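Numbering (our numbering), first residue to last: 11 to 274.
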């Protein structure tokens, strides 16, 4: 279970995330929707501690372990980023390295610095990487350079890298924004399968309403840094969805794009 209590992030006079309180049960697939600038990415970055909250608390509880995320430093912070894996819109692979080495980078926190520098991973870790690639149907590309793959394949490699971290939580920041509809469906199907088969909590920022409704157990709508909807996808009406994307004269255009772009 993850609990965000009154989380706020300010950049000078700008409040990017405004007093957000959420509780995410273990094993839930949560979709966060909203127009660009709503605070979705900033919120995920604070959960992963790629950015610090201005105020508020983030608590993660798993069985007998309770983690105060905002207070973590040093090795404890590195451990958290391993347990709370993150997938980015632009994949964040190392282009010149082959696929399996990129995946094995997810094991960095389990290895010494020297072993990582010389890519000295154990046979067990390599087997773990191949199994992850096989689940994402890209094991045949294991020895190819990452920059030779299509965008959809690269995103699946990024998911495999996150899987070998053996995370408890998987954060996905607009994972299909740069993909065509077919690859977007493959990636979302993979995230849903991981959520259901592995029991990993998935929190996914999405721009398209149809995708959120199709794949997520719960939808949170953000606008100007605030949560203005939180509920089951079936409870989200068109009027509520339009309000999430409402901002002056651009409202109808933004809402229309959110429904139709990359719909899967």
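Beta carbons: idealized from backbone N, C-alpha and C, even for Gly. The model shown is predicted, which means the values in this text are computed figures rather than measured ones.
Among residues of its own chain, excluding the 5 on either side of residue i, which ones have a beta-carbon nearer than 8 angstroms to its beta-carbon?
| i | result |
| --- | --- |
| residue 108 | 152, 153, 154, 155 and 156 |
| residue 261 | In this predicted model, residue 261 has a pLDDT of only 49, less than 50, meaning its place in the structure is not dependable; the value taken from the coordinates is given anyway. The residues are 252 and 255. |
| residue 136 | 110 and 114 |
| residue 209 | 36 and 37 |
| residue 129 | 111 and 114 |
| residue 87 | 59 |
| residue 148 | 109, 159, 163, 166, 167 and 170 |
| residue 61 | 19, 52 and 55 |
| residue 237 | 30, 31, 32, 230 and 231 |
| residue 99 | 183, 184, 185, 187 and 188 |
Once the 5 residues before and after residue i are set aside, which same chain residues still bring their CB inside 7 angstroms of it?
| i | result |
| --- | --- |
| residue 103 | 112, 156, 164, 167 and 168 |
| residue 202 | 39 and 225 |
| residue 82 | 59 and 90 |
| residue 75 | none |
Assuming residue i is part of the beta strand (DSSP E), what are its boundary residues?
| i | result |
| --- | --- |
| residue 119 | Where residue 119 is concerned, there is no enclosing beta strand (DSSP E), given that its DSSP letter is neither H nor E. |
| residue 68 | 65–72 |
| residue 86 | Unbroken run through residue 86 is the alpha helix (DSSP H), 84–93; no beta strand (DSSP E). |
| residue 156 | From DSSP, residue 156 is part of no beta strand (DSSP E); its letter is neither H nor E. |
| residue 241 | 236–241 |
| residue 181 | 179–183 |
| residue 215 | 211–216 |
Determine which residues share a DSSP beta bridge with residue i and list them.
| i | result |
| --- | --- |
| residue 79 | Beta-bridge pairing links residue 79 to no other residue. |
| residue 25 | 20 |
| residue 34 | 12 |
| residue 41 | 214 and 229 |
| residue 96 | 181 |
| residue 108 | 155 |
Which two residues bound the contiguous alpha helix (DSSP H) that contains residue i?
| i | result |
| --- | --- |
| residue 46 | Here residue 46 belongs to no alpha helix (DSSP H), and DSSP marks it neither H nor E. |
| residue 197 | 191–208 |
| residue 51 | 50–58 |
| residue 252 | 248–254 |
| residue 233 | Looking at the DSSP string, residue 233 is not in any alpha helix (DSSP H); the run it does join, the beta strand (DSSP E), is 228–233. |
| residue 170 | 161–173 |
| residue 223 | 219–225 |
| residue 139 | 133–145 |
When the Cα of residue i is compared with those of the options, which residue comes out closest?
| i | options | result |
| --- | --- | --- |
| residue 52 | 36, 69, 24 and 70 | 24 |
| residue 71 | 178, 223 and 221 | 178 |
| residue 185 | 198, 132 and 175 | 198 |
| residue 105 | 54, 134, 56 and 159 | 159 |
| residue 97 | 171, 130 and 14 | 171 |
| residue 13 | 139, 21, 216 and 79 | 79 |
| residue 207 | 173, 245, 181 and 221 | 173 |
| residue 118 | 100, 133 and 89 | 89 |
| residue 66 | 246, 101, 16 and 81 | 16 |
| residue 245 | 232, 233 and 227 | 227 |
| residue 242 | 11, 150, 36 and 41 | 41 |
| residue 223 | 148, 247 and 237 | 247 |
| residue 162 | 150, 237, 196 and 140 | 196 |
| residue 200 | 220, 233, 142 and 218 | 142 |
| residue 180 | 22, 54 and 44 | 54 |
| residue 134 | 121, 21 and 146 | 121 |
| residue 64 | 131, 21 and 43 | 21 |
Once the 5 residues before and after residue i are set aside, which same chain residues still bring their CB inside 6 angstroms of it?
| i | result |
| --- | --- |
| residue 26 | 19, 49, 52 and 235 |
| residue 175 | 92, 95 and 116 |
| residue 240 | 230 |
| residue 205 | 39 and 212 |
| residue 250 | 239 |
| residue 73 | none |
| residue 77 | 70 |
With respect to 6 angstroms, is the separation between the Cβ of residue i and the closest non-hydrogen atom of the ligand NAP below this value?
| i | result |
| --- | --- |
| residue 116 | Ligands displayed in this structure: none; no statement on the ligand NAP is therefore possible. |
Self-check item: Segment contact flag, the stretch 183–197 with the stretch 23–39, C-beta cutoff 8 angstroms, min 3 pairs
Solution: no
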